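Novice:
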Amino acid sequence: MTGDNDVPLSVRSVYFDSPAQARELMVAVGVAPRGADIMAAKFTSRAFYVTNLRPAAANIVKQVALSSGAEAAVHREVVTCRVARSDAILFGTAQQLSSVGRKLTGQDFGLDALGRSISRLVASWEAVPELTINGKRRRLDKPLLVGVLNVTPDSFSDGGEFNSPQAALARARELREEGADVVDVGGESTRPGAAYVSADEELRRVMPVVEAVAADYPVSVDTRKAAVARKCAEAGAAMINDVSAGRDDPAVAAVCAEFGLPYVVMHMKGTPADMQQDPRYDDVVAEVRDFLAARAAWAEGEGVKEVVVDPGIGFGKTLEHNLALINNVPALADLGRPVMIGHSRKSFIGKLTGAAVDGRLAGSVAAALVAARRGAHLLRVHDVAATAQALAVAAAVVRS
Ligand code: HH2
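For the sequence shown, the numbering used here assigns the number 121 to the initial residue and increments by one for each residue that follows.
1. Quick check: the Cα distance between Ser188 and Arg236, rounded to an integer number of angstroms?
2. Taking the alpha helix (DSSP H) that Ser284 belongs to, which residues open and close that run?
3. In this structure, does DSSP put Gly267 in helix, strand or coil?
4. Determine the DSSP secondary structure at Phe136, reduced to helix, strand or coil.
5. Count the other CB atoms within 10 Å of the CB of Glu197; is the residue buried (16 or more) or exposed (fewer)?
6. Can you tell me whether Val100 is buried or exposed, with buried defined as 16 or more other CB within 10 angstroms of its CB?
7. Taking the alpha-carbon positions, what's the Gly356 to Val134 distance?
8. Spatial neighbours of Arg70 within its chain, please: C-beta separation below 6 Å, excluding the five flanking residues on both sides.
9. State the Cα-Cα distance for the pair Trp401 and Glu420, rounded to the nearest angstrom.
10. DSSP three-state label for Gly221, please.
11. Could you check whether the Cβ of Asp228 sits closer than 6 Å to any heavy atom belonging to ligand 1?
12. When every heavy atom of ligand 1 is checked, does at least one fall within less than 6 Å of the C-beta of Asn114?
13. To the nearest angstrom, how far is it from the Cα of Val248 to the Cα of Pro458?
14. To the nearest angstrom, report how far apart Gly280 and Ala416 are at their CA atoms.
15. Taking Cβ positions, are Asp454 and Leu241 nearer each other than 7 Å?
16. Looking at C-alpha atoms only, which residue of Thr252, Met460, Pro338, Leu173 is the closest neighbour of Gly380?
17. Could you tell me the alpha carbon to alpha carbon distance between Val533 and Gln397, rounded to whole angstroms?
18. Going by beta carbon distance, what residues of the same chain come within less than 7 Å of Asp304, once the five residues before and after it are set aside?
19. Select from Gly456, Met395, Pro370 the residue whose C-alpha is nearest the C-alpha of Arg409.
20. Measure how close the beta-carbons of Phe468 and Asn442 come, nearest whole angstrom, since I'm counting them as under 8 Å.
21. Cutting at 7 Å between CB atoms, please list the residues of its own chain near Pro263, excluding the five before and the five after it.
22. For the beta strand (DSSP E) that contains Ala167, what are its first and last residues?
23. For Asn254, is the beta carbon positioned less than 6 Å from some heavy atom of ligand 1?
24. What is the DSSP secondary structure of Asn254, counted as helix, strand or coil?
25. Is any non-hydrogen atom of ligand 1 found closer than 6 Å to the C-beta of Gly470, if you look at the structure I gave you?
26. Does ligand 1 have a heavy atom nearer than 6 Å to the CB of Ser165?
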């Protein structure tokens, strides 16, 4: 025996989307299940963005990261203390980052709270949120599809199409057959520049549909008004979707609390009338995240049991803002509540591709796939069948 292999050695790249996939391949190689569990954790490489560290704190974060086998990228002048503050990008495996969290806990310079936050966030990576829809707990391990049904004369993509109760009901059935988990009925357009609609007019538009549909299918109601939310809740609505996050009419939260309904709070800068006039942010992801954290905490304080957060794609955002928000779903999921994304047929797709509203199917599906990969829990879409098919195929490929 020469010690040479009797067959030629070979090497090829493999790609893992999840620790579970890595574990499966390790088990196939013959790794003991316990060993596979331990090693699989090393495939979850993630990153955190930490803001406003003083040089002393940034130096400690760097040392702690390195001693844990992780990394912390900081401003080059941190070591000389020539900058007053530095942000840091902290990256490593789940194990390494939870060690960073542990080691920072108890330290000075504000690092104790940072350490606790890091530990909490690492622990929540594997958690799958749930949502109660018509009394049933739904595990959001794949996105719920929320089908859009606008009973308005002026919505940007389906305005005027489903105004009669019969047409609306037929469309609701169609959305369900296409695979919608929930049908989101709206009686007021919130497209840029849209006019205000009274509660009476909104009720006149949505009630016949909600009454007809809610008996058979879960219905969410897209409204900013407590009077509308209440009547729809009485008629059996399963969820309230409020693009003003309770700022227009705070009593919407009390209605959700009273009827035990999930409450979607969405970020919007300005109002539909003025939101697209030169929207600006210092850090769009941080600002939207802070807003959603505050509105979710407020709603829970009003007695709401389940809050869904939504960054409000297209609501006071430029193309770059919308792309940053879709890309940063994980930062929104950090808030510990389900995340909804409503990107469907919106103008950022037109800006990227030149496509008119009725030609944005492929772009909408692409955005849905990315949002889902980033961890979105609910997708609000017009084209349910196409989105469901794309998600099913993507999930099967990723799992295989
Ligand atoms: N977008 C629209 C309306 N409601 N609700 C949530 N939670 N998230 C969204 O992104 C969202 C929403 C706007 O889209 P659409 O309903 O199609 O148009 P219009 O407001 O013109 O009726």
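The beta carbon of each residue, even a glycine, is placed where N, CA and C say it ideally should be.
Given the structure is predicted, the values throughout are model-derived calculations rather than measurements.
Specialist: So, from the data block:
1. Those two C-alpha atoms are separated by around 16 Å.
2. Premise fails: Ser284 is in no alpha helix (DSSP H) and is neither H nor E.
3. Assignment of Gly267 by DSSP, reduced to helix, strand and coil, places it in the strand class.
4. DSSP places Phe136 outside both helix and strand once states are collapsed to three, so it counts as coil.
5. Classification for Glu197: exposed.
6. Because the chain in this structure spans residues 121 to 520, residue 100 falls outside the shown range and cannot be described.
7. Roughly 49 Å between the two C-alpha positions.
8. A query on residue 70 cannot be resolved here, the shown segment of the chain reaching from 121 to 520 and no further.
9. A quick correction: the sequence has Tyr, not Trp, at residue 401. Going by the C-alpha atoms only, they are around 27 Å apart.
10. Helix, per DSSP.
11. Not so, every heavy atom of ligand 1 lies at least 6 Å from the Cβ.
12. In the structure displayed, the chain extends from 121 to 520; residue 114 sits before or after that span and is not available.
13. Computed Cα separation, rounded: 9 Å.
14. Those two C-alpha atoms are separated by around 33 Å.
15. In contact: Asp454 and Leu241 (Cβ atoms closer than 7 Å).
16. Of Thr252, Met460, Pro338, Leu173, the smallest CA-CA separation from Gly380 is found for Thr252.
17. The structure shown does not extend to residue 533, since the chain spans only 121 to 520, so no value can be given for it.
18. For Asp304, where only same-chain residues beyond five positions count, the Cβ hits under 7 Å are Val266, Gly267, Val268, Leu269, Ser340, Asp342, Asn361, Arg500.
19. Comparing Cα-Cα distances from Arg409 to each of Gly456, Met395, Pro370, the minimum goes to Gly456.
20. Their Cβ separation, rounded to whole angstroms, is 4 Å, which keeps Phe468 and Asn442 in contact under 8 Å.
21. Cβ neighbours of Pro263 beyond the five flanking positions: Ala492, Ala496, His497, Leu498, Leu499, Leu511.
22. Per DSSP, Ala167 is one residue of the beta strand (DSSP E) stretching across 165-173.
23. Not one heavy atom of ligand 1 sits closer than 6 Å to the Cβ of Asn254.
24. Correct three-state label for Asn254: coil.
25. With a cutoff of 6 Å, Gly470 does not count as near ligand 1, since its C-beta is closer than that to no heavy atom of the ligand.
26. Answer for Ser165: no, Cβ out of range of ligand 1.
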